[in-house]
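Novice:
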Amino acid sequence: MKKFLFAVAVAASCFLPAAHAQNASGKPLNIRVAWPAGGAVDATFRQIQLSLQDSLGRPVVIENLPGLGGALGAMNVASATPDNAVVLGTSGPDLVLAPLSIATAKYSPESFKLVAPLGATDFILVSAPKHSFRNVDELAAYLRVSGNQPLTMGNIGYGSSGHIAAADFETRIGAKLMAVPYKGTTAMVPDLVGSQIDLAFLPIVGPVVGLLKAGKLKAIGIASEQRHPTLPDVPTLNEGSSLKAFNHSVWSGLFVSTRVPDAEVARLNRASTEALSKPEFLRFVRENASRPLGPMDAAQAANFFRDETAKIRAVAKSINLQAQ
Numbered sequence: 060m061k062k063f064l065f066a067v068a069v070a071a072s073c074f075l076p077a078a079h080a081q082n083a084s085g086k087p088l089n090i091r092v093a094w095p096a097g098g099a100v101d102a103t104f105r106q107i108q109l110s111l112q113d114s115l116g117r118p119v120v121i122e123n124l125p126g127l128g129g130a131l132g133a134m135n136v137a138s139a140t141p142d143n144a145v146v147l148g149t150s151g152p153d154l155v156l157a158p159l160s161i162a163t164a165k166y167s168p169e170s171f172k173l174v175a176p177l178g179a180t181d182f183i184l185v186s187a188p189k190h191s192f193r194n195v196d197e198l199a200a201y202l203r204v205s206g207n208q209p210l211t212m213g214n215i216g217y218g219s220s221g222h223i224a225a226a227d228f229e230t231r232i233g234a235k236l237m238a239v240p241y242k243g244t245t246a247m248v249p250d251l252v253g254s255q256i257d258l259a260f261l262p263i264v265g266p267v268v269g270l271l272k273a274g275k276l277k278a279i280g281i282a283s284e285q286r287h288p289t290l291p292d293v294p295t296l297n298e299g300s301s302l303k304a305f306n307h308s309v310w311s312g313l314f315v316s317t318r319v320p321d322a323e324v325a326r327l328n329r330a331s332t333e334a335l336s337k338p339e340f341l342r343f344v345r346e347n348a349s350r351p352l353g354p355m356d357a358a359q360a361a362n363f364f365r366d367e368t369a370k371i372r373a374v375a376k377s378i379n380l381q382a383q
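Quick note: the sequence shown uses the numbering used here, first residue 60, plus one each step.
#1: Looking at the strands, I want to know which residues DSSP matches up with proline 277.
#2: Determine the direct distance from the alpha carbon of aspartate 257 to that of asparagine 214, and round the result to whole angstroms.
#3: Would serine 331 pass as a contact of alanine 93 if the rule is Cβ separation under 7 Å?
#4: With H, G and I counted as helix, E and B as strand and the rest as coil, what does DSSP make of serine 311?
#5: Go through its chain and collect everything with a Cβ distance to glycine 265's Cβ below 7 Å, but skip five positions before and after it.
#6: Over what stretch of residues does the beta strand (DSSP E) that includes threonine 149 continue unbroken?
#7: Taking the alpha-carbon of alanine 375 as reference, which of His307, Val315 and Glu197 has the nearest alpha-carbon?
#8: Among residues of its own chain, excluding the 5 on either side of lysine 189, which ones have a beta-carbon nearer than 7 Å to its beta-carbon?
#9: What does the alpha-carbon distance come out to for the pair glutamate 169 and asparagine 207?
#10: What are the residues that DSSP puts in a beta bridge with tyrosine 45?
#11: Please classify threonine 140 as buried or exposed, where buried requires at least 16 other C-beta atoms within 10 Å of its C-beta.
#12: What is the DSSP secondary structure of glutamate 284, counted as helix, strand or coil?
#13: Short of 6 Å in beta carbon distance, which residues of its chain neighbour glutamate 333, apart from the five on each side in sequence? Order them along the chain.
#14: Quick check on glutamine 381: buried or exposed, where buried means 16 or more other Cβ atoms within 10 Å of its Cβ?
#15: What is the DSSP secondary structure of isoleucine 107, reduced to helix, strand or coil?
#16: Relative to the C-alpha of glutamate 367, which candidate in Ala200, Gln106, Leu156 and Gly148 has its C-alpha closest?
#17: Out of Gln108, Thr295, Gly233 and Arg342, point me to the one whose CA is closest to serine 377's CA.
#18: Thinking C-beta only, is leucine 210 closer than 7 Å to leucine 236?
#19: Which residues in the same chain have their Cβ closer than 6 Å to the Cβ of alanine 225, if we skip the five residues on either side of it in sequence?
#20: How is tyrosine 241 classed by DSSP in three states: helix, strand or coil?
#21: Please list the terminal residues of the continuous beta strand (DSSP E) segment that includes proline 266.
#22: Which whole-angstrom value describes the C-beta separation of leucine 302 and leucine 296, a residue pair presumed to lie in contact below a C-beta threshold of 8 Å?
#23: Who does glutamate 298 pair with in a DSSP beta bridge?
#24: What's the C-alpha gap between aspartate 153 and aspartate 356?
#25: Under three-state DSSP, which class holds alanine 384?
#26: Rounding to the nearest angstrom, what Cα-Cα distance links serine 160 and glutamine 383 in this structure?
#27: In angstroms with no decimal places, state the Cα-to-Cα distance between leucine 131 and serine 191.
This is the structure we're talking about:
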């Protein structure tokens with residue numbers, strides 16, 4: 060399961076942009092990672108730390124500020140000195156969702172500019188191997204039969220991207236599922252393989268693909284408009300008649316405070332584009348089944364973040380997500 064968690068890091072972390080010219084203060088680039096040291100997200104940042112330093116010609120320092128679903132790190136960066144020395148590495152959806160689901164997350168996504176997105180990892184709806192339904196329409200038909208045993212849906216974290224995907228599915232499919240909370244994938248995935256729970260939305264990462272190909276999990280459908288190249292025989296959830304425009308992924312990026320001048324953001328964006336193209340990191344991303352979202356210039360990144368924020372908020376409203 061450590062391998063699983065490491066792979067998920069690609070879905071919850073970002074490329075690290077910076078400027079070729081050292082900033083006026085001569086400070087190192089401080090990447091404030093909103094997740095724990097030694098964990099999956101942290102591992103991804105350390106994967107590219109040296110190549111970033113080479114691109115920048117200045118030190119790159121990683122500082123971990125975990126807690127509150129990434130909100131502690133976000134609040135810290137939002138209030139930091141507005142220069143190009145402090146950046147936030149986190150998941151875009153979690154950055155938007157935390158203030159909507161956590162009462163103590165006191166910031167707004169509008170407090171940040173997206174410098175550059177890393178890429179995205181789509182979610183896939185999977186079932187325990189014991190079930191006979193093979194796609195979303197067969198699952199929907201099962202759920203419509205009142206005499207059938209209620210199904211359980213594993214969830215990791217209230218207000219997380221996976222929880223939002225599951226709640227949106229339940230709302231739009233028109234069925235009641237029994238939510239089973241987990242603290243992490245290390246507990247949930249074995250229960251799913253062992254048929255202790257019935258369904259879950261998981262990110263498409265290497266270990267999940269391995270479990271699907273080994274027959275230890277059953278694919279119901281991918282939450283995307285396009286089939287995934289790693290799983291070409293698995294339909295999307297939108298290919299059936301039960302769902303349309305059902306798209307859920309986790310994407311990650313590098314963010315700065317909105318108080319950072321646009322010229323600095325553009326400089327960081329240009330350097331990040333170079334970092335994104337480095338073969339060793341592209342290989343790391345590819346091996347973990349992510350898909351690229353760029354390259355985007357600073358204006359395109361701003362538009363992307365604005366549109367994604369609006370979409371995530373709309374889904375949160377539709378499922379009546381409340382801050383707790």
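Glycine included, each C-beta is placed from N, C-alpha and C at the ideal position.
Quick caveat: nothing in here was measured; it's all calculated off a predicted structure.
Specialist: Quick look at the numbers:
#1: In the sequence shown, counting from the first residue as 1, residue 277 sits at position 218. The amino acid at residue 277 is misidentified as proline; the sequence shows lysine. Partner(s): Ser186.
#2: Numbered from 1 along the sequence shown, position 155 holds the residue referred to as residue 214. Numbered from 1 along the sequence shown, position 198 holds the residue referred to as residue 257. If you take the alpha carbons of asparagine 214 and aspartate 257, they lie about 11 Å apart.
#3: Start at 1 with the first residue of the sequence shown, and residue 331 comes out as number 272. Start at 1 with the first residue of the sequence shown, and residue 93 comes out as number 34. Their beta carbons are not under 7 Å apart, which means serine 331 does not touch alanine 93 by this criterion.
#4: Locating residue 311 in the sequence shown gives position 252, where the first residue counts as 1. Residue state, collapsed to three classes: strand.
#5: Stepping through the sequence shown from its first residue, residue 265 is reached at position 206. Closer than 7 Å at Cβ, skipping near neighbours: Ala66, Glu346, Asn347 and Ala348.
#6: Looking up residue 149 in the sequence shown gives position 90. First-last of the beta strand (DSSP E) with threonine 149: 145-150.
#7: If you number the sequence shown from 1, residue 375 lands on position 316. The shortest Cα separation from alanine 375 among His307, Val315 and Glu197 belongs to His307.
#8: Counting from 1 along the sequence shown, the entry for residue 189 is found at position 130. Excluding sequence neighbours, lysine 189 sits near Ser254.
#9: Within the sequence shown, numbered from 1, the residue matching residue 169 stands at position 110. Within the sequence shown, numbered from 1, the residue matching residue 207 stands at position 148. Answer to the nearest angstrom: the Cα atoms are 45 Å apart.
#10: Residue 45 lies beyond the stretch modelled for the chain, which goes from 60 to 383, so this question has no answer here.
#11: Locating residue 140 in the sequence shown gives position 81, counting from the first residue. When all chains shown are included, threonine 140 counts as exposed.
#12: Counting from one through the sequence shown, the residue named residue 284 turns up at place 225. Note: glutamate 284 maps to coil in three-state DSSP.
#13: On the sequence shown, position 274 is the one that residue 333 refers to. If we look at glutamate 333 and ignore the five residues flanking it on each side, its Cβ neighbours are Ser114.
#14: As a first step, residue 381 must be located in the sequence shown, where it is residue number 322. Exposed, because fewer than 16 other Cβ atoms sit within 10 Å of the Cβ of glutamine 381.
#15: As a working note, residue 107 is residue 48 in the sequence shown. Of the three classes helix, strand and coil, the one that applies to isoleucine 107 here is helix, per DSSP.
#16: Here residue 367 refers to the residue found at position 308 of the sequence shown. Per the Cα distances, Leu156.
#17: By 1-based counting over the sequence shown, the position of residue 377 is 318. Considering only alpha carbons, the answer is Gly233.
#18: Here residue 236 refers to the residue found at position 177 of the sequence shown. Here residue 210 refers to the residue found at position 151 of the sequence shown. Yes, these two residues count as a Cβ contact at 7 Å.
#19: On the sequence shown, residue 225 is found 166 positions in, with the first residue counted as 1. Only Met212, Asn214 and Phe260 meet the Cβ criterion.
#20: Stepping through the sequence shown from its first residue, residue 241 is reached at position 182. Three-state result, tyrosine 241: strand.
#21: Mapped onto the sequence shown, residue 266 falls at position 207. First-last for proline 266: 265-272, but that is the alpha helix (DSSP H), not the beta strand (DSSP E).
#22: Within the sequence shown, residue 302 is the residue found at index 243, counting from 1. Within the sequence shown, residue 296 is the residue found at index 237, counting from 1. With 8 Å as the limit, leucine 302 and leucine 296 qualify as a contact, their Cβ atoms being about 5 Å apart.
#23: For the purposes of this step, residue 298 is taken as residue 239 along the sequence shown, with counting starting at 1. Glutamate 298 pairs with nothing; no bridge assigned.
#24: On the sequence shown, position 94 is the one that residue 153 refers to. On the sequence shown, position 297 is the one that residue 356 refers to. Each residue's alpha carbon lies about 22 Å from the other.
#25: In the structure displayed, the chain extends from 60 to 383; residue 384 sits before or after that span and is not available.
#26: Working through the sequence shown from its first residue, we reach residue 160 at position 101. Working through the sequence shown from its first residue, we reach residue 383 at position 324. Each residue's Cα considered, the two are about 6 Å apart.
#27: Counting from one through the sequence shown, the residue named residue 131 turns up at place 72. Counting from one through the sequence shown, the residue named residue 191 turns up at place 132. C-alpha separation (whole angstroms): 43 Å.
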